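Inspection log for the structure reproduced underneath, given as structure tokens.
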Amino acid sequence: MSRLYFLRKLRSFNVCSKRLEIFYQSVVASALFFAAVCWGGSIRAGDTSRINKLIRNAGSVIGIKLDPFEAVVERKTLNRLLSFMDNPTHPLHLQLDSQRSFFSNRLLQLRCHKYRYRKTFLPTAITLYNKSPLAGRERSAP
Numbered sequence: 001m002s003r004l005y006f007l008r009k010l011r012s013f014n015v016c017s018k019r020l021e022i023f024y025q026s027v028v029a030s031a032l033f034f035a036a037v038c039w040g041g042s043i044r045a046g047d048t049s050r051i052n053k054l055i056r057n058a059g060s061v062i063g064i065k066l067d068p069f070e071a072v073v074e075r076k077t078l079n080r081l082l083s084f085m086d087n088p089t090h091p092l093h094l095q096l097d098s099q100r101s102f103f104s105n106r107l108l109q110l111r112c113h114k115y116r117y118r119k120t121f122l123p124t125a126i127t128l129y130n131k132s133p134l135a136g137r138e139r140s141a142p
């Protein structure tokens, strides 16, 4: 059965696009992006293109343009990293705080000797954080 079967069925019953979007976000997108933060950095190009095709098809059924997979993964990864940095009780908070640069608000990259380690969550999230405008903001007092 197609991943978009129920979305297409709802559209055939003339359900409004807002409700179709709610259904997409709660059923289809939640299944697609559940573990995207964990494996988003190391996903293969073929898999990414298949997921993007699925997202484009869902967008055409709903009638709106949806964000591509890469944009959603980057946003979710950055939000997860920021939640770790803002929560002093999180186990990764001390690790991330020790990675802060003394000169700016950027984070120093972890030393990874193998390519597969460079594509894991923390190195990918640190790279995204350093590229974002959040890295340029003033550093808060510890």
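1 is the number of the first residue of the sequence shown in the UniProt record's numbering; add one for each residue after it.
All C-beta atoms, glycine included, are put in the ideal place defined by N, C-alpha and C.
In this text the structure is predicted, and so the values were computed from the model without any measurement.
Distance CB(residue i)-CB(residue j) smaller than 8 angstroms
| i | j | result |
| --- | --- | --- |
| Leu23 | Leu7 | According to the sequence provided, residue 23 is Phe. The question's Leu does not apply to it. It is a contact, given that the beta carbons lie within the stated cut-off. |
| Leu94 | Phe84 | no |
| Ile62 | Leu20 | yes |
| Ala36 | Lys76 | yes |
| Ala135 | Asn105 | yes |
Nearest to residue i (by Cα), restricted to the options the options
| i | options | result |
| --- | --- | --- |
| Lys108 | Thr124, Trp39 and Tyr115 | Checking the sequence, you will find Leu at residue 108 rather than Lys. Closest option to Leu108, Cα to Cα, is Thr124. |
| Val73 | Pro91, Ala29 and Ala58 | Ala29 |
| Ser26 | Asp47, Cys38 and Leu4 | Leu4 |
| Ser98 | Asp47, His113, Arg50 and Ile126 | Ile126 |
Exposure label - residue i; buried when at least 16 CB within 10 Å
| i | result |
| --- | --- |
| Leu66 | buried |
| Phe69 | buried |
| Tyr129 | buried |
| Ala71 | exposed |
| Ala58 | buried |
| residue 148 | Coverage of the chain is limited to positions 1 through 142, which leaves residue 148 absent and any answer about it impossible. |
| Ile64 | exposed |
| Met1 | Per-residue confidence for Met1 stands at a pLDDT of 48, beneath the threshold of 50, marking its modelled position as unreliable; no derived number is given. |
Can we say the region 35-47 touches the region 113-122, given the rule of at least three CB pairs closer than 8 angstroms?
-> With the cut-off at 8 angstroms, the region 35-47 and the region 113-122 touch.
Considering only residues of the region 13-75, which uninterrupted alpha helix (DSSP H) runs meet the minimum length of 4 residues and lie entirely inside it, listed in chain order?
-> Listed in chain order, the complete alpha helix (DSSP H) runs (minimum 4 residues) inside the region 13-75 are 17-23, 36-39 and 45-62.
Of all the alpha helix (DSSP H) runs that stay within the bounds of the region 68-135, which reach a length of 4 or more residues?
-> Those alpha helix (DSSP H) runs which fall completely within the region 68-135 and span 4+ residues are 69-86, 93-98, 115-118 and 121-131.
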